[in-house]
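The C-terminal residue of the sequence shown carries number 569 in the working numbering, and the numbering is unbroken.
One structure is given below, encoded as structure tokens.
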Amino acid sequence: MSANIFFPRTEDAQIVWLSHYNLKLPINGPICGISAEEIASTQLDVAYWIWLLQYWHPALQRDAKDATAHKQLMVAGVGYGGANITHPLPSPFPNSPSIPEPGMQKRLSSQIIRIKASANYTDVIGHELGIIATTNTVEHLIPDPTVYVELGESGSRVRIDFKKYRHDGIWIEGRINSGNWEFLAVDTVKPYYDERPLANGNTHETREYRLRWWDKSVAHGEWSAVQQVVIGV
Numbered sequence: 337m338s339a340n341i342f343f344p345r346t347e348d349a350q351i352v353w354l355s356h357y358n359l360k361l362p363i364n365g366p367i368c369g370i371s372a373e374e375i376a377s378t379q380l381d382v383a384y385w386i387w388l389l390q391y392w393h394p395a396l397q398r399d400a401k402d403a404t405a406h407k408q409l410m411v412a413g414v415g416y417g418g419a420n421i422t423h424p425l426p427s428p429f430p431n432s433p434s435i436p437e438p439g440m441q442k443r444l445s446s447q448i449i450r451i452k453a454s455a456n457y458t459d460v461i462g463h464e465l466g467i468i469a470t471t472n473t474v475e476h477l478i479p480d481p482t483v484y485v486e487l488g489e490s491g492s493r494v495r496i497d498f499k500k501y502r503h504d505g506i507w508i509e510g511r512i513n514s515g516n517w518e519f520l521a522v523d524t525v526k527p528y529y530d531e532r533p534l535a536n537g538n539t540h541e542t543r544e545y546r547l548r549w550w551d552k553s554v555a556h557g558e559w560s561a562v563q564q565v566v567i568g569v
């Protein structure tokens with residue numbers, strides 16, 4: 337059992353936390369000596385921060401994956417099923433809010449320290465703002481992916497959904513018809529798609545997958561339970 341800081345490590349949870357903090361700061365900030373001008377500045381920081389996490393960065397990551405898949409299709413024919421070929425286009429996302437000075441996290445941390453140091457600060461305010469650390473009793477020792485077959489743009493594909501919890505990403509390996517395990521990808525954004533075509537002569541294949549955590553460019557930890565699907569006709 338270990339105590340965690342209040343700021344989440346996963347980006348999905350950070351979006352929720354930042355949105356809540358932005359909502360509650362104008363109510364509780366003035367009680368603890370935070371000026372209206374600083375509150376307005378913080379709200380600009382947080383609006384841009386949320387935009388980065390929710391729209392801009394995921395769109396660029398999706399585009400990078402689409403560009404890699406298109407390159408493999410055009411150069412090596414990987415994933416081609418006879419469908420019409422189109423070039424992937426950039427993902428749309430909302431226009432950026434006003435761009436603040438770099439160092440948003442440092443400014444937010446400094447503000448929270450000053451709020452907690454205020455003579456008017458109480459646990460009620462801390463809970464309202466979400467700045468009281470909680471105790472985590474759940475340890476996610478291995479990934480817990482969900483694997484299933486779905487219809488993609490060029491035919492059937494395998495979709496792997498996963499949660500990163502506090503990790504940078506996951507390392508994915510697979511094997512076909514009980515063959516040798518092979519590295520497939522390091523993925524930091526769910527889902528992962530296995531869009532490899534069936535091997536020549538195969539009408540269907542049993543595909544198995546296992547995952548490990550990936551942090552700071554190193555795969556580590558125990559393997560997940562092996563997930564199995566059958567793809568093909």
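Even for Gly, the Cβ is constructed at its ideal location relative to N, Cα and C.
If we call anything under 8 Å between Cβ atoms a contact, is Pro527 one with Ile496?
As a working mapping, residue 527 is identified with position 191 in the sequence shown. As a working mapping, residue 496 is identified with position 160 in the sequence shown. Yes.
Which runs of the alpha helix (DSSP H) at least 4 residues long sit entirely within the region 412-485? Give them in chain order.
Fully enclosed alpha helix (DSSP H) runs of 4 or longer: 440-453 and 459-465.
Could you tell me whether the Cβ atoms of Ile370 and Gln447 are closer together than 8 Å?
Here residue 370 corresponds to residue number 34 of the sequence shown, with the count starting at 1. Here residue 447 corresponds to residue number 111 of the sequence shown, with the count starting at 1. Yes. Within cutoff.
Since Leu520 is in the beta strand (DSSP E), which residue starts that stretch and which ends it?
Locating residue 520 in the sequence shown gives position 184, counting from the first residue. Segment Glu518 to Asp523, the beta strand (DSSP E) holding Leu520.
Which residue from Ile351, Thr346 and His356 puts its Cα closest to that of Gly462?
Numbered from 1 along the sequence shown, position 126 holds the residue referred to as residue 462. Checked all of Ile351, Thr346 and His356; the closest Cα to Gly462 is His356.
Quick one: Cα of Ile451 to Cα of Gly365, how far?
Taking the first residue of the sequence shown as 1, we reach residue 451 at position 115. Taking the first residue of the sequence shown as 1, we reach residue 365 at position 29. Cα-Cα distance, rounded: 7 Å.
To the nearest angstrom, report how far apart Val474 and Arg502 are at their CA atoms.
To locate residue 474, count along the sequence shown from 1; it is residue 138. To locate residue 502, count along the sequence shown from 1; it is residue 166. Because the pLDDT of Val474 is 49, which lies under 50, any placement of that residue in the model is unreliable, and the question is left without a value.
Would you be able to state if there are at least three C-beta pairs under 8 Å between the region 387-401 and the region 455-469?
no
What residue range does the alpha helix (DSSP H) around Ala349 cover?
Position 13 of the sequence shown, counting from 1, holds the residue named residue 349. Glu347 to Asn364 is the span of the alpha helix (DSSP H), which, as asked, contains Ala349.
Between Ser338 and Pro344, what straight-line distance do the alpha-carbon atoms span, to the nearest angstrom?
In the sequence shown, residue 338 corresponds to position 2, counting from 1. In the sequence shown, residue 344 corresponds to position 8, counting from 1. Model confidence at Ser338 stands at a pLDDT of 40, short of 50, so the residue's coordinates are unreliable; what they give is reported in the following sentence. About 14 Å.
Figure out for me which residue from Gln397, Ala400, Leu396 and Leu361 has the closest Cα to the Cα of Asp381.
Position 45 of the sequence shown holds residue 381. Ranking the options by Cα distance to Asp381, first place goes to Leu361.
From what residue to what residue does the beta strand (DSSP E) around Trp559 run?
Here residue 559 corresponds to residue number 223 of the sequence shown, with the count starting at 1. Taken as a continuous stretch (DSSP letters only), Trp559 belongs to no beta strand (DSSP E), as it is neither H nor E.
Taking the C-alpha atoms as reference points, what is the distance between Arg511 and Thr346?
Along the sequence shown, one-based indexing puts residue 511 at 175. Along the sequence shown, one-based indexing puts residue 346 at 10. Spanning the two alpha carbons is a distance of roughly 29 Å.
Three Cβ pairs or more, each shorter than 8 Å: is that satisfied between the region 392-412 and the region 515-529?
yes
Residues bridged to Gly568 by DSSP?
As a working mapping, residue 568 is identified with position 232 in the sequence shown. In the DSSP output, where bridge partners are listed per residue, Gly568 has His540.
Does the distance from the CB of Arg493 to the CB of Tyr529 come in under 8 Å?
Within the sequence shown, the letter at position 157 stands for residue 493. Within the sequence shown, the letter at position 193 stands for residue 529. Going by C-beta atoms, Arg493 is nearer than 8 Å to Tyr529.
Quick one: grab the DSSP three-state call for His529.
Locating residue 529 in the sequence shown gives position 193, counting from the first residue. According to the sequence displayed, residue 529 carries Tyr and not His. Strand at Tyr529.
Local Cβ density within 10 Å of Ile354, reported as buried at 16 or more and exposed below that:
Indexing the sequence shown from 1 puts residue 354 at position 18. The amino acid at residue 354 is misidentified as Ile; the sequence shows Leu. Classification for Leu354: buried.
Nearest-angstrom Cα separation, counted from Gln397 out to Pro428:
As a first step, residue 428 is located in the sequence shown; it is residue number 92 there, counting from the start. As a first step, residue 397 is located in the sequence shown; it is residue number 61 there, counting from the start. Rounded to whole angstroms, Pro428 to Gln397 spans 13 Å at the Cα level.
Cross-strand partners of Asp497 (DSSP beta bridge):
Translated into positions along the sequence shown, residue 497 becomes position 161. DSSP, once it has assigned bridges, lists Thr482 as partnering Asp497.
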